[in-house]
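In our numbering, the protein residues as written are 25 to 566.
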């Protein structure tokens with residue numbers, strides 16, 4: 025009887041090994057098919073290939089606690105988990121050659137309930153993942169039987185959308201999935217570590233995950249929702265995410281980093297300057313409402329510019345506050361969209377001021393446009409609103425916490441220090457609808473300024489008796505046009521030796537922009553009252 029039992033046990037083991045080998049070979053063939061599809065850029069859906077691999081891994085039967093398979097660019101792991109799961113940490117390490125491993129190295133397995141293993145990893149380890157004990161809690165409430173956890177590592181990004189504005193760190197995409205449902209909203213995050221041996225100077229690194237259905241042109245897109253980026257050391261990027269999917273680290277060329285020691289004075293200048301501009305804009309609007317009898321189309325255009333400056337300064341002061349972690353993400357997205365809208369409106373009203381100045385001087389006051397101010401309001405407020413709403417509808421992730429890298433006193437910028445504001449996150453949108461829009465506005469106003477100065481110079485040369493008045497007009501046009509956009513050209517000098525002076529000049533002039541407009545408004549009002557008094561006195565003499 026003992027011999028029969030032993031023989032039966034041997035047969036069972038052989039059959040189990042045979043089933044495991046068959047499952048392994050089927051999975052390996054599928055992985056090789058995926059690699060061929062990626063190399064040949066076939067029309068086969070990448071989503072179908074990846075979902076097929078996930079399904080085969082989740083349904084694979086194997087002996088022991090794990091199954092490890094590897095091809096040239098894809099490595100997969102499958103684990104058996106019970107409802108007494110206390111946590112799991114994975115790291116790259118050399119494994120003993122077993123029948124189910126193809127290639128030299130695999131991912132070693134270490135069980136842990138604390139993150140100490142991650143902290144003890146060596147710098148040369150390229151990848152690591154740590155799963156909390158909470159991972160299987162929801163699944164075990166429905167399925168008390170054995171669960172499967174799979175991990176897939178891609179060493180190329182061909183299966184995922186390529187962002188032209190960024191690259192994936194080390195070309196690694198690391199994913200995980202649990203059988204019996206999705207894993208999301210974990211109170212304790214999944215930790216994913218990416219090690220590297222390259223300099224990240226000049227780059228901003230961001231942890232992202234693959235969000236299926238987020239793109240109309242691909243089977244998904246990269247998103248940052250639910251992920252937090254940390255850099256514990258110069259050679260490590262740590263992603264803390266509250267769900268399971270495919271993860272990667274995007275590297276984006278960042279603007280010249282702000283020296284960390286200058287953050288405090290620049291913040292102080294911005295706070296004081298914007299506060300003064302808010303008060304000045306409010307005073308200007310109140311003075312205008314108090315003297316509505318003097319209101320005309322020119323004054324109404326000025327008031328709309330003051331209103332946009334007021335909104336811009338208020339939104340800018342709130343932006344760093346709502347970018348802090350305790351604040352809900354939608355609040356930061358809403359404020360970032362408001363800040364972008366206020367900036368676009370402000371720039372648009374600057375261009376409207378330049379256009380109105382051209383009409384006044386070029387048409388010699390002989391102009392009449394039906395509902396002129398109403399049409400300008402539709403352009404100044406409605407145009408930017410349409411652009412911002414369009415961005416929110418197409419891709420709301422363009423707004424949110426924007427990380428500004430800081431460099432230390434030695435000039436090193438590795439992203440360990442940073443500050444955040446609620447702002448535009450997409451480099452393409454920032455380049456087109458911030459820098460490009462502002463550049464066109466500044467260029468237009470500069471052209472109008474040069475043309476207006478030329479016209480006034482001709483008038484002064486033709487009518488010498490009006491020299492003082494022509495000179496006053498020149499000062500007025502110069503002050504108006506310089507204040508309405510030319511200081512924004514400083515934004516294009518944030519490089520090299522110009523960086524430090526540019527930071528202080530740009531921050532000072534543009535934070536006090538509303539105050540300068542207030543001074544100009546007061547000077548124009550004093551001039552108007554002086555002309556009225558002179559006119560009335562001359563009439564009394566006659």
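Glycine residues also receive a C-beta, built at the ideal position from the N, C-alpha and C atoms.
Treat the numbers as computed from the prediction; the structure is a model and nothing was measured.
- Pairing residue 245 with residue 116, the inter-Cα distance amounts to about 27 Å.
- DSSP, reduced to helix, strand and coil, places residue 166 within a helical segment of the structure shown.
- For residue 174, the three-state secondary structure derived from DSSP is strand.
- Here residue 400 is buried. Its C-beta has 16 or more other C-beta atoms within 10 Å.
- With 16 or more other CB atoms across the displayed protein chains lying within 10 angstroms of its CB, residue 153 is buried.
- The C-alpha of residue 517 lies about 11 Å from the C-alpha of residue 529.
- For the options 273, 161, 425, the alpha carbon positioned closest to that of residue 348 is the one of 425.
- CA-to-CA, the gap between residue 175 and residue 231 works out to about 18 Å.
- Taking a 10 Å sphere around the C-beta of residue 450, we find 16 or more other C-beta atoms and assign the residue as buried.
- Beta bridge pairing from DSSP links residue 216 with 153, 263.
- Inter-residue distance for residue 375 and residue 395 is about 19 Å (C-alpha atoms, whole angstroms).
- Looking at 341, 393, 479, 313, the one whose alpha-carbon comes closest to that of residue 535 is 341.
- Residue 380 counts as buried, since at least 16 other C-beta atoms from the protein chains shown sit within 10 angstroms of its C-beta.
- Per DSSP, reduced to three states, the secondary structure at residue 104 is strand.
- By the criterion of at least three beta-carbon pairs nearer than 8 Å, the stretch 154-167 is not in contact with the stretch 53-61.
- For residue 372, same chain residues with a beta-carbon under 7 Å away, outside a window of 5 residues either side, are 403, 404, 407, 408 in chain order.
- Under the DSSP assignment, residue 254 falls in the beta strand (DSSP E) whose first and last residues are 251-257.
- For residue 84, no alpha helix (DSSP H) run applies, since DSSP gives it neither H nor E.
- Burial check for residue 103: the Cβ neighbour count within 10 Å reaches 16 or more, so the residue is buried.
- The beta carbon of residue 458 is closer than 8 Å to those of 364, 367, 448 in its chain, skipping five residues each way along the sequence.
- Here residue 425 carries a strand assignment [DSSP, helix/strand/coil].
- When only Cα atoms are considered, residue 181 and residue 292 end up about 43 Å apart.
- In the DSSP assignment, the residues bridged to residue 92 are 101.
- The C-alpha of residue 256 lies about 7 Å from the C-alpha of residue 262.
- Only residues of its own chain outside the window of five on either side were considered, and among them 302 have a CB closer than 7 Å to the CB of residue 338, listed in chain order.
- At a Cβ-Cβ threshold of 7 Å, residue 201 and residue 78 count as neighbours.
- A Cβ-Cβ separation of about 21 Å leaves residue 213 out of contact with residue 165 under the 8 Å criterion.
- A distance below 6 Å between beta-carbons, with the five flanking residues on each side excluded, links residue 335 to the following residues of its chain, in chain order: 366.
- Residue 201: not part of any alpha helix (DSSP H); member of the beta strand (DSSP E) spanning 197-202, first to last residue.
- In chain order, 321, 324 place their CB closer than 6 Å to the CB of residue 397, counting only its own chain and leaving out the 5 sequence neighbours on each side.
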